[in-house]
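Please read the structure below before turning to the comments.
Residue numbers (our numbering), protein chains in the order written: chain A, -16 to 97; chain B, -16 to 97.
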């Protein structure tokens, strides 16, 4: 198994993204805040994210988002990068992510950049 | 407290409906199926709903939907009626419910009418 295969095995294919898993993943204010931050389409290093949680909790949230098909994670040496799978989600569930992002600011936890 | 007050106390006001609670409530295939069935706007008796779960589990799902602000329940004697708060949800989170309903059929559990 090449590193690329390993990377793909951690991410569901677009057609396999489950609506109920996406909704469950986004039902947490921290994860909603991360998605809102990433919604500008730019890739970020995990270390750049400034969320009001511990590193281990952040890591759990990142795994939940990735395994639900919401984000894509990429390792480069010891650094982890993440970006939103905005196009994949739009193609799988048209209009869902954009309407959620419009509604999210009131409840998303404040996740910023360091 | 009049019966009407009691009824209202069980339902969050439109402005108090929480996006994360709505997403959490809809992250279950049975509840998604109930919402899909009710999306025609018609009020239904609980007894009419044909969901592949026990009565007590159905009752739990109905409470989850009601307390999240997704449905409104009305008792008439020993009968419980339910309808979708479609207009309230559309006014609170424009586009969210309609896009979810478009995406839902693939994953919603089969909930029909007896």
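No residue lacks a Cβ here, since even glycine has one placed at the ideal position from N, Cα and C.
(request) Check whether the Cβ atoms of residue 18/B and residue 67/B sit closer than 9 Å, and answer yes or no. (result) Position 35 of the second chain, counting from 1, holds the residue named residue 18/B. Position 84 of the second chain, counting from 1, holds the residue named residue 67/B. A contact, by the Cβ cut-off of 9 Å.
(request) Determine the extent of the alpha helix (DSSP H) in which residue 98/A is found, giving its start and end residues. (result) Coverage of chain A is limited to positions -16 through 97, which leaves residue 98/A absent and any answer about it impossible.
(message) With a threshold of 7 Å on Cβ separation, who are the neighbours of residue 4/A within its own chain once the five nearest residues in sequence on each side are excluded?
(response) Translated into positions along the first chain, residue 4/A becomes position 21. The answer, listed in chain order, is 51.
(message) I'd like to confirm the pairing. Which residues does DSSP put opposite residue 79/B in its beta bridges?
(response) Counting from one through the second chain, the residue named residue 79/B turns up at place 96. Looking at the DSSP assignment, residue 79/B forms no beta bridge with any residue, so it has no partner.
(message) Quick check on the DSSP output: the beta strand (DSSP E) that includes residue 67/A runs from which residue to which?
(response) Here residue 67/A is taken as the residue at index 84 of the first chain, counted from 1. Note, residue 67/A: beta strand (DSSP E), 62 to 67.
(request) Classify residue -2/B as buried or exposed, calling it buried when 16 or more other Cβ atoms lie within 10 Å of its own Cβ. (result) The count along the second chain starts at 1 and reaches residue -2/B at position 15. When all chains shown are included, residue -2/B counts as exposed.
(request) Could you check if residue 10/A is buried or exposed, using at least 16 other CB atoms within 10 Å of its CB as the buried criterion? (result) For the purposes of this step, residue 10/A is taken as residue 27 along the first chain, with counting starting at 1. Burial call: buried.
(request) My understanding is that residue 94/A touches residue 33/A, with C-beta atoms under 8 Å, so please give their C-beta distance in whole angstroms. (result) Taking the first residue of the first chain as position 1, residue 94/A is located at position 111. Taking the first residue of the first chain as position 1, residue 33/A is located at position 50. The pair is a contact, with the Cβ atoms about 7 Å apart (cut-off 8 Å).
(request) Look at the alpha carbon of residue 81/B and the alpha carbon of residue 58/A, and state the distance between them as a whole number of angstroms. (result) Position 98 of the second chain holds residue 81/B. Position 75 of the first chain holds residue 58/A. Straight-line Cα distance between these residues: approximately 37 Å.
(request) Note down, in chain order, every chain A residue with its Cβ under 7 Å from the Cβ of residue 87/B. (result) Residue mapping note: residue 87/B aligns to position 104 of the second chain, counting from 1. 2, listed in chain order.
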